[in-house]
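Each residue of the sequence shown is one higher than the one before, counting from 65 in the working numbering.
The next block holds one structure in the form of structure tokens; read it before the comments.
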Amino acid sequence: MPKRKKSRLITFLIVLFILILLLALGWWGFSKVKQQIELKEKDREENFADWIFGSFSDMFSGQGYVDIARTTMKLNKITTAYTFPVKYDWKKIKTCVEKNCGLNTEDELKKCVGNNCLEKKDNEFYYNGKLLPLPKEFKVKNLIDLTFDTLKTKWIIGAVIKRNKDEYQGVVYVFNGQKFSAIVDERNESFISKYPGTFGSGGDDDDFLIIYGAYQGLGYRYKDGEMIDLSNYFGIRQMNNGFRGKVIKIGRGDSTTWYIYSLTPGNPQLIKFWQNKTDNIEGSYSYNEEIFNPNTLQAIFQPDKNNEELNLLSIINDNNTYELWQFTDIGFVNNFSKEVVSLNFYSNSALDIKKVLLKNVWLNQSSLLATDFYISTDGLNWQEASINQESFFDGPRDNSLFWKALFKPAANRYYSPNFDFLGIDYFYK
């Protein structure tokens with residue numbers, strides 16, 4: 065064999081040997097690491113029976129477990145949810161001599177759509193002066209409340225019936241100028257409550273809100289024939305013993321913003337619902353503690369048709385002194401990341417945290433991918449955590465426990481998360 069060929073063969077064999085050796089070492093290393101991981105997991109499983117279970121949850125009814133100094137998100141104490149800080153302008157235009165500042169306010173007994181009017185007299189309805197035959201639910205003896213509102217081209221009527229000494233039922237119909245059509249009849253139990261209440265509503269013909277205003281409220285969005293439950297937004301704090309709500313809908317589709325105010329004297333309200341460029345209502349914010357003073361008897365809002373921004377004109381009744389105000393919704397301060405940081409919620413300093421499970425988070429759907437969650441055992445070094453995935457800790461002194469939620473900025477100034485519950489399971493030994 066020629067020397068050149070022999071040399072090439074030797075070189076090839078050497079390279080082949082080195083490659084085989086490297087592959088063998090790599091496989092051995094991989095097997096070793098895999099074995100160590102399996103042993104570690106097995107060790108955890110064998111010791112799992114010795115771990116003690118604990119759990120923590122926060123509904124944000126207060127800030128007892130939140131590090132206020134480090135938290136930059138805004139807690140609304142009425143809705144009990146964290147959002148980006150709100151931005152708005154609330155300015156007085158004038159003090160008025162005349163009642164309601166000379167603005168046209170809707171009559172509670174007669175409401176018109178164009179030239180057609182629906183009028184209520186002694187729980188009977190007249191359409192353009194003609195008595196209407198009513199649905200049977202409106203004619204029962206135990207009827208305790210009957211109210212109506214306008215949509216774009218229709219009227220919506222809500223009746224409250226006392227079923228027994230402990231239960232009330234709401235029924236809702238729409239009148240189109242020719243007939244009554246049931247949205248919620250007596251067979252539908254969407255508005256069953258142990259509290260007496262009154263209905264309020266508003267929106268478009270095919271997309272509107274229905275609110276049962278009671279001590280514990282109920283609410284639905286009726287959209288394209290579907291009832292969507294919003295009752296979690298009408299809790300005891302928000303209802304403040306109950307009020308008759310009025311709904312203002314601005315925009316259409318995923319650009320819709322909703323405002324709800326109160327027609328009940330002594331219980332002024334301004335609530336905002338937003339959709340975050342989605343088809344669904346994703347958050348609620350109450351401005352009550354920020355814009356009303358203790359003397360405000362009533363605040364009636366109207367869209368400011370002279371401006372395309374989210375402007376509302378408000379007639380403020382402070383003990384029969386009328387003032388005209390303007391509310392401008394500028395959205396949220398969301399151009400930088402903001403966070404909610406907890407205080408230590410684990411109190412057993414003698415035993416160490418071993419495993420944590422971020423089990424339950426109530427956060428609007430569109431914000432889930434724009435939010436990062438973290439767990440820490442010292443409040444300084446953070447380990448990223450995913451919902452329903454376990455996080456393990458093997459440190460010698462992991463005897464504290466903190467959580468953090470980081471909310472990323474947004475280009476749309478009307479976008480905000482709505483974060484109102486967090487639940488964590490943990491194990492310690």
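Heads up, the beta-carbon is just placed ideally off N, CA and C, and yes, glycines get one too.
None of these values were measured; they are calculated from a predicted model.
DSSP state of Arg285 mapped onto helix, strand, coil: Residue mapping note: residue 285 aligns to position 221 of the sequence shown, counting from 1. The answer is strand: DSSP assigns Arg285 an E or B state.
Residue from Ala434, Phe466, Asn381 with nearest C-alpha to Asn164: Numbered from 1 along the sequence shown, position 100 holds the residue referred to as residue 164. Of Ala434, Phe466, Asn381, the residue nearest in Cα terms is Asn381.
CA nearest to the CA of Thr159, picked from Lys226, Lys216, Ile379: Indexing the sequence shown from 1 puts residue 159 at position 95. Checking every option, the nearest Cα to that of Thr159 belongs to Ile379.
Cβ-based burial, Thr441 [other Cβ within 10 Å; buried from 16]: Your numbering for residue 441 matches position 377 in the sequence shown. It counts as buried.
Rounded straight-line distance, which links the Cα of Phe491 to that of Gly443: Counting from one through the sequence shown, the residue named residue 443 turns up at place 379. Counting from one through the sequence shown, the residue named residue 491 turns up at place 427. So the alpha carbons of these two residues sit roughly 18 Å apart.
Where Gly178 sits in the DSSP three-state scheme: The residue labelled residue 178 in the question sits at position 114 within the sequence shown. Coil, per DSSP.
At least 3 beta-carbon pairs within less than 8 Å: the region 267 to 277 vs the region 167 to 182: no
Contact under 7 Å by Cβ, Thr147 with Ser480: The residue given as residue 147 occupies position 83 in the sequence shown. The residue given as residue 480 occupies position 416 in the sequence shown. Contact: yes.
Residue span of the beta strand (DSSP E) that contains Arg227, given as start and end: Along the sequence shown, one-based indexing puts residue 227 at 163. Counting along the chain, the beta strand (DSSP E) containing Arg227 begins and ends at 219 to 228.
Outcome for Leu215 when other beta-carbon atoms lying within 10 angstroms are tallied against a minimum of 16: Within the sequence shown, residue 215 is the residue found at index 151, counting from 1. Buried.
Inter-stretch contact at 8 Å, needing at least 3 Cβ pairs: the region 460 to 469 / the region 412 to 426: yes
Sub-7 Å separation of Val238 and Ile274 beta-carbons: Here residue 238 corresponds to residue number 174 of the sequence shown, with the count starting at 1. Here residue 274 corresponds to residue number 210 of the sequence shown, with the count starting at 1. No. Outside cutoff.
Identity of the residue in Ile256, Tyr297, Lys200 nearest Ile227 by Cα: Taking the first residue of the sequence shown as position 1, residue 227 is located at position 163. The identity of residue 227 in the sequence shown is Arg, whereas the question assumes Ile. With distances taken between Cα atoms, Arg227 lies closest to Ile256.
Cutoff 7 Å; reference Gln362; Cβ partners in own chain excluding five residues on either side: In the sequence shown, residue 362 corresponds to position 298, counting from 1. The answer, listed in chain order, is Pro329, Pro332, Asn381.
Segment contact flag, the region 248 to 266 with the region 302 to 312, C-beta cutoff 8 Å, min 3 pairs: yes
Runs of alpha helix (DSSP H) lying entirely within the region 297 to 345, each at least 4 residues, in chain order: 300 to 303
Inter-residue Cα distance where the pair is Phe483 and Ile142: As a working note, residue 483 is residue 419 in the sequence shown. As a working note, residue 142 is residue 78 in the sequence shown. The straight-line gap from Cα to Cα measures roughly 13 Å.
Beta-carbon proximity check, Val56 vs Ala469, cutoff 7 Å: Nothing in the structure corresponds to residue 56, since the chain is present only between 65 and 493.
Cutoff 7 Å; reference Trp389; Cβ partners in own chain excluding five residues on either side: Taking the sequence shown and counting its residues from 1, one reaches residue 389 at position 325. So the list reads Trp154, Lys155, Lys156, Ile157, Ser378, Ile380, once near-sequence residues are dropped.
Nonlocal neighbours in the same chain, by C-beta distance under 8 Å from Ile208, ignoring five residues either side: The residue labelled residue 208 in the question sits at position 144 within the sequence shown. Result list for Ile208: Val224, Ile225, Lys226, Tyr232, Pro260, in chain order.
Buried or exposed by the 16-neighbour rule on C-beta atoms within 10 Å, applied to Ala449: In the sequence shown, residue 449 corresponds to position 385, counting from 1. It is buried - the Cβ of Ala449 has at least 16 other Cβ atoms within 10 Å.
Contact set for Thr320: own chain, Cβ-Cβ below 6 Å, skip 5 residues either direction: If you number the sequence shown from 1, residue 320 lands on position 256. Here the set comprises Gln339.
Opposing strand residues paired with Asn424 [DSSP bridges]: Translated into positions along the sequence shown, residue 424 becomes position 360. Answer by DSSP bridge pairing, in chain order: Gly487.
Val177 to Ala133 span [Cα, whole Å]: In the sequence shown, residue 177 corresponds to position 113, counting from 1. In the sequence shown, residue 133 corresponds to position 69, counting from 1. Distance between the alpha carbons of Val177 and Ala133 is about 52 Å.
Glu188 versus Glu201: straight-line alpha-carbon distance, rounded: The residue you call residue 188 lines up with position 124 of the sequence shown. The residue you call residue 201 lines up with position 137 of the sequence shown. Answer to the nearest angstrom: the Cα atoms are 12 Å apart.
Assigned exposure category for Lys185 - 16 Cβ within 10 Å defines buried: Looking up residue 185 in the sequence shown gives position 121. Counting Cβ neighbours within 10 Å, Lys185 comes out exposed, since fewer than 16 surround it.
Arg355 versus Ile220: straight-line alpha-carbon distance, rounded: Translated into the one-based positions of the sequence shown, residue 355 becomes position 291. Translated into the one-based positions of the sequence shown, residue 220 becomes position 156. In the sequence as displayed, the identity of residue 355 is Ile instead of Arg. Whole-angstrom Cα-Cα distance: 30 Å.
Simplified DSSP state of Gln366, which is helix, strand or coil: Here the question's residue 366 lines up with position 302 in the sequence shown. Strand.
Residue of Lys258, Ile314, Ile292, Pro473 minimising C-alpha distance to Lys229: As a working mapping, residue 229 is identified with position 165 in the sequence shown. Checking every option, the nearest Cα to that of Lys229 belongs to Lys258.
DSSP three-state assignment for Asp153, whether helix, strand or coil: Here residue 153 refers to the residue found at position 89 of the sequence shown. Correct three-state label for Asp153: strand.
Ser411, DSSP secondary structure in three states: Translated into positions along the sequence shown, residue 411 becomes position 347. Coil.
Proximity to Ser348 [Cα-Cα], best of Leu139, Leu407, Lys218: Taking the first residue of the sequence shown as 1, we reach residue 348 at position 284. Among Leu139, Leu407, Lys218, the Cα nearest to that of Ser348 belongs to Leu139.
For Ile537, the residue or residues it bridges with in DSSP: In the structure as shown, the chain starts at 65 and stops at 493, and residue 537 therefore has no counterpart that could be examined.
Sequence-distant residues of its chain with Cβ nearer than 6 Å to Gly281 (five each side left out): By one-based count along the sequence shown, residue 281 stands at place 217. If we look at Gly281 and ignore the five residues flanking it on each side, its Cβ neighbours are Phe298, Met303.
Beta-carbon proximity check, Phe409 vs Leu422, cutoff 7 Å: In the sequence shown, residue 409 corresponds to position 345, counting from 1. In the sequence shown, residue 422 corresponds to position 358, counting from 1. Going by C-beta atoms, Phe409 is not nearer than 7 Å to Leu422.
Straight-line Cα distance separating Phe456 from Lys98: Here residue 98 corresponds to residue number 34 of the sequence shown, with the count starting at 1. Here residue 456 corresponds to residue number 392 of the sequence shown, with the count starting at 1. Unreliable positioning characterises Lys98 in this predicted model, as indicated by a pLDDT of 46, which lies under 50. A coordinate reading is not provided.
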